[in-house]
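Encoded as structure tokens, the structure appears first; notes follow it.
Right, dumping it as structure tokens:
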């Protein structure tokens with residue numbers, strides 16, 4: 207089990223981007239998208255590793271425009 211999936215309320219040492227991913231998981235986010243080459247790419251990588259366990263759909267887009275369009279499409 208990945209450490210971002212530890213029990214809510216437990217104390218776990220995480221990197222900053224892992225903590226953001228943990229927050230998304232605890233908030234029950236159902237869709238996450240991003241594009242490679244940004245400092246936040248690590249968040250999407252972390253979410254992708256645990257997507258099956260959390261039921262989250264994680265999408266890698268080719269650029270920020272496509273990521274935005276994917277998020278808009280998922281929201282409607």
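Residue numbers (the working numbering): 207 to 282. In this text, a Cβ means the ideal position worked out from N, Cα and C, and glycines have one as well. No experiment lies behind these values; they were computed from the predicted model shown.
Three-state secondary structure (DSSP) of residue 267: Here residue 267 refers to the residue found at position 61 of the chain shown. Correct three-state label for residue 267: coil.
Local conformation of residue 239 per DSSP, three classes: Stepping through the chain shown from its first residue, residue 239 is reached at position 33. Reduced to three states, the DSSP call for residue 239 is strand.
The region 266-282 in contact with the region 230-242 per 3-pair CB rule at 8 angstroms: yes
Test: residue 254 CB closer than 8 angstroms to a CB of chain B: Of the protein chains in the structure, only one exists, and it is not chain B.
DSSP-derived helix/strand/coil call for residue 212: What you label residue 212 is simply residue 6 of the chain shown in a count that begins at 1. Coil.
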